[in-house]
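Written out below as structure tokens is the structure these notes cover.
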Amino acid sequence: MVIFRSISFDRRGVMAAMLASAALVGCSESPGGSGETVTAATIEGAVEKPNLTLGFIKLTDMAPLAIAKEKGFFAEEGLNVTLEPQANWKVLLDGVIGGQLDGAHMLAGQPIAATIGYGTKADLIAPLSLDLNGNAITLSNRVWEMIEPELPKMADGRPQHPISAEYLQPVVEEFEAQGKPFNMGMVFPVSTHNYELRYWLAAGGLNPGYYSDGDVQGVISADVKLSVTPPPQMPATLEAGTIEGYCVGEPWNQAAVFKGIGVPVITDDQIWNDNPEKVFGLREDFAEQYPATTAAMLRAIIRAQQWLDEDGGANRQEAVEILSRPNYVGADAEVIAASMTGVFTFEPGDTREAEGFNIFFDKYAGYPYYSDAIWYLTQMRRWGQIADDQTDQWYFDTAKAVYRPDLYLAAANGLVEEGVIPAESVPETDGFRGPQTGFIDGITYDGSKPNAYLGEFPIGLKQGQSVTASGVSDN
Amino acid sequence: MATAFVEPSDAAKEPDTGAEAAATTSDMAAPKTQVVGEGERPSADGPSALHIRMKAVGEALLWPFVGIVGFLALWAVLAPQVDTSLGSLPGPAEVVEAGAALYSEYSAAMDAENAFYEQQDANNAAAIAAGNQAGVRNFDYAGPPTFLDQIFTSLQTVALGFLLATIFAVPIGLFAGLSTRFNSAINPLVQIMKPVSPLAWLPIVTMVISAMITSSDPLLPKAFVISALVVMLCSLWPTLINTAIGTSSIDKDLLNVGKVLRLGWFDKLTKLVLPASLPYIFTGMRLSLGVGWMVLIAAEMLAQNPGLGKFVWDEFQNGSSQSLARIMFAVIVIGLIGFMLDRIMMALQSLVSKNRTV
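First to last, the protein sequences are chains A and B.
13 is the number of the first residue of the first sequence in this note's numbering; add one for each residue after it.
1218 is the number of the first residue of the second sequence in this note's numbering; add one for each residue after it.
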């Protein structure tokens, strides 16, 4: 039984204590998928730190934060929250680590990478997942024109989905023959987008390159060279011809459609059906010092997530209006609406149903599954960001240190008791989703067997392999 | 006088800039004085005097007017032809509209803020009435900063940076002007530091400040301190160099008189050196403020300090159809504020120069 207790006094001198239960943090021996249900942390007391500043990047999946503020959910929890847009993911991460931000809309990879010390080392946690899906890959008009004639068509003449990256191979070869690199953009080295773009390319037989200890560019042995661009600058960078395509969240794929500078070819939902996206990240010591504040924030965000998915998306139009304000996402409402209201526009005139493109609450979207964290860890290992082999147990322990369903449950169970959210919207689980199918390459992901999973990829590091400047070597 | 604080050409250039600026000023002011002068002399002639006066005023206003109208016309004609991915470049009319929209956003934000406080007061009153003291909240309104808030933050940041720069630069400059050895010692450092861009300082300042301010609720927000320090680092050089030149070029006779009078170190500084070099110091400060204001926008963009720089960056990131017009409006406001700051410094400068000649 591991118990950790943290006592803190707020201005009113209210004592709050937090006990984490046995199945959780620090249990080095618990195996993955043990079948032992994760239980909620016990949280008592009043909010310790009512004035909070939360950071976000101008993407539609920050919606739960904007809605929690604008619909008064934060205020009802006794919180006075300022939402601050950040210039890029690095600035946002430094803000959370440095304490200027109390929490933020984060890439799932960020708290994981910070905890294992890839990039800036800091103990961050993710007690809540903000959404499922929400990204897409866009190609420049030039490249789209080159691949479009080759694509298999449906009866009505529109291209059949999902579009595999193998149609990109001849284009990459042509670029190579002309001595030009084929460049694509993603938003951060440990971003979901990086792993999704890599997954899609590798599934189509294109090597997106490896990272090594000394090389953080990740272009060793690359067919397609990936580089970092902040999300809002993606369309401008594509237009400037620096990159030929990118993987980014909304509204920046729809922006390419509206500006006529590129064509989205595939959504991340088509790469991995219902994949976990952004998380709400904060410092571990913040959650320990201010347990009731953390729970109050989570409750407000969960209510906002529910609001966003309520009545089959009835509130989405209002959400679009709120997000289009200059202090939130700020893009034109019609651009945001093009992906937030159950449809997704690929080319002008090719708008398709995409019910699951942004899921905030349904399908247990908010629950931070350990297996989701482990998937990100496997991809970090697959591409060399984790330089050495790790045991399965290491994957489980790391995931459990970062993803904190106990804190999620403490907040969500409170809402269930108050009758705000239905009991069936909170899963009873050991924190592992079970084997996941629905990947574009047909490989099944089982979070309880990370090393076995890594062995299945034709492109990617296997056990015993490492990366040097000249390429992959077997030890 | 012969202290080699700066390259000879450079040394000649710095005061020149001041002189040049002063010349421009008198140019600008010339028509006005002329107006008054001519208007007063023939005042006995009655209507014709008024006529002449009107004509002079007209003349003085005509050409700036022509310049501005010409620019606006060119802008209005050319802008729609530049096609960007955010639509065509906004013309003057769209920019004015953007300004109006920013103003109405400001009023709306004020209303929301008042509503927030009213609601809070009402809630507190209800909580007290119900005997629930713990329910009383005194939150500050946490709405997004308005355009006016951003201007205000920018002015505060540049003021702090400029103040720090002056506090550092003037004493060092004075000392460098008085001591040839000290001057030679710091000269290479100054020459190397002077051309460094704010963007290069920023990561260093950010890391140092982040390490130094560890309190979770610091007196001044980190981003604010970071931008102010970057402004200081970039804007302190003109003041330093000009102070050194001013101090080193004091009339030797004055210093000799000081020796005869057996003035102490402190008296020498306050009675001789400072008054003699004040015009130089103010010329330097004016240049520093100009540099500081320019640097500030870049620093705010990167440090994410709320302010005009962040406003521009956020709008760029928004990429909505209104973004370009709003950015252009901000550019005009930045220009006008820079112009205003320069005028204030110029007024101070001429005041100081006048005192000296008297």
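Just so you know, even glycine gets a beta-carbon here, dropped at the ideal spot from N, CA and C.
Counting only beta-carbon atoms, is residue i nearer than 8 angstroms to chain A?
i         : result
B:Glu1532 : yes
B:Asn1400 : no
B:Phe1369 : no
B:Asn1522 : no
B:Pro1415 : no
B:Pro1309 : no
B:Gly1552 : no
B:Gly1275 : no
B:Ala1440 : yes
B:Gly1348 : no
B:Ser1305 : no
B:Gly1536 : yes
B:Ser1427 : yes
If I'm right that residue i touches residue j with Cβ under 8 angstroms, what's the distance once you round it to whole angstroms?
i         : j         : result
A:Tyr379  : A:Pro417  : 6 angstroms
A:Leu64   : A:Leu105  : 18 angstroms between Cβ atoms; not a contact.
A:Gly67   : A:Ala116  : 4 angstroms
B:Gly1287 : B:Pro1297 : Actually they do not touch by this definition, with Cβ atoms about 18 angstroms apart.
A:Pro244  : A:Ile273  : With 8 angstroms as the limit, A:Pro244 and A:Ile273 do not qualify as a contact, their Cβ atoms being about 14 angstroms apart.
A:Glu262  : A:Leu71   : 7 angstroms
B:Gly1463 : B:Pro1496 : 7 angstroms
A:Gln282  : A:Ile452  : 6 angstroms
B:Phe1441 : B:Thr1374 : 6 angstroms
A:Tyr381  : A:Gly443  : 6 angstroms
Chain B beta carbons: is any one of them nearer than 8 angstroms to that of residue i?
i        : result
A:Val231 : no
A:Phe273 : Before going further, note that residue 273 of chain A is Ile rather than Phe in the sequence given. Cβ-Cβ to chain B under 8 angstroms: yes for A:Ile273.
A:Val59  : no
A:Leu77  : no
A:Glu251 : yes
A:Pro97  : yes
A:Asn92  : yes
A:Gly110 : yes
A:Ala248 : yes
A:Glu162 : no
A:Ile471 : no
A:Asn63  : yes
A:Pro360 : no
A:Pro417 : no
A:Val155 : no
A:Val50  : no
A:Ala267 : yes
A:Ser199 : Here residue 199 of chain A is Val; the residue named in the question, Ser, does not match the sequence. Output row for A:Val199: interface = no.
A:Pro220 : no
*Can at least three beta-carbon pairs, one atom from the region 324 to 335 of chain A and one from the region 74 to 89 of chain A, be found at a separation below 8 angstroms?*
yes
*Which residues, taken in chain order from the region 284 to 301 of chain A, show a beta carbon closer than 8 angstroms to some beta carbon of chain B?*
none
*Can you list the alpha helix (DSSP H) stretches of 4 or more residues lying completely in the region 1447 to 1513 of chain B, in chain order?*
1469 to 1477
*So, do the region 97 to 115 of chain A and the region 315 to 327 of chain A have three or more beta carbon pairs nearer to each other than 8 angstroms?*
no
_Is it the case that the region 177 to 188 of chain A contacts the region 290 to 306 of chain A, given that we only count it when at least three CB pairs across the two stretches are under 8 angstroms?_
no
*Is the region 457 to 469 of chain A touching the region 437 to 447 of chain A in the sense that three or more CB pairs, one from each, lie closer than 8 angstroms?*
yes
_At a CB distance below 8 angstroms, what residues from the region 438 to 469 of chain A approach chain B? Give them in sequence order._
none
*Flag this pair as touching only if the region 216 to 229 of chain A and the region 278 to 298 of chain A have three or more C-beta atom pairs under 8 angstroms; answer yes or no.*
no
_the region 1503 to 1515 of chain B touching the region 1379 to 1390 of chain B, judged by at least three CB pairs closer than 8 angstroms_ = yes
_Can you pull out the residues from the region 297 to 328 of chain A whose beta carbon lies closer than 7 angstroms to at least one beta carbon of chain B?_
none
*Please confirm if the region 1348 to 1362 of chain B is in contact with the region 1326 to 1333 of chain B, defined as three or more CB-CB distances below 8 angstroms between the two stretches.*
yes
*Which of the residues in the region 1500 to 1526 of chain B, read from start to end, lie with their CB under 9 angstroms from any CB of chain A?*
Met1518, Leu1519, Ala1520, Gln1521 and Pro1523
*Can you check the region 405 to 467 of chain A for any alpha helix (DSSP H) of at least 4 residues that lies completely inside it and give the ranges in chain order?*
417 to 429 and 462 to 466
*Is there contact here, the region 183 to 198 of chain A with the region 236 to 251 of chain A, by at least three beta-carbon pairs under 8 angstroms?*
yes
*asked:* Output needed in chain order: residues of the region 1357 to 1383 of chain B with a Cβ under 9 angstroms from some Cβ in chain A.
replied: Asp1357, Tyr1358, Ala1359, Gly1360, Pro1361 and Pro1362
*Three or more beta-carbon pairs under 8 angstroms between the region 337 to 346 of chain A and the region 308 to 317 of chain A, yes or no?*
no
*Using a Cβ-Cβ cut-off of less than 8 angstroms, give me the residues of the region 473 to 484 of chain A that come near chain B, in sequence order.*
none
*asked:* To test your reading of the DSSP string, which unbroken beta strand (DSSP E) runs of 3 or more residues are found completely within the region 268 to 302 of chain A?
replied: 274 to 279 and 291 to 295
*Between the region 1307 to 1338 of chain B and chain A, which residues of the former have a C-beta closer than 7 angstroms to a C-beta of the latter?*
none
_Measuring CB atoms only, is the region 119 to 135 of chain A touching the region 182 to 193 of chain A, in the sense that at least three cross pairs come out at less than 8 angstroms?_
no
*asked:* At a CB distance below 9 angstroms, what residues from the region 332 to 344 of chain A approach chain B? Give them in sequence order.
replied: Ser336, Arg337, Pro338, Asn339, Tyr340, Val341, Gly342, Ala343 and Asp344
_Check whether the region 1448 to 1455 of chain B and the region 1411 to 1426 of chain B touch, using three or more Cβ-Cβ pairs below 8 angstroms as the test._
yes
*asked:* Can you confirm whether the region 1395 to 1409 of chain B touches the region 1343 to 1350 of chain B when touching is taken to mean that 3 or more C-beta pairs between the two stretches lie within less than 8 angstroms?
replied: no
*Which parts of the region 187 to 212 of chain A are runs of the beta strand (DSSP E), unbroken and 3 residues or longer, counting only runs that do not cross its ends?*
194 to 198
*Near-chain A residues of the region 1441 to 1460 of chain B - C-beta to any C-beta below 8 angstroms*: none
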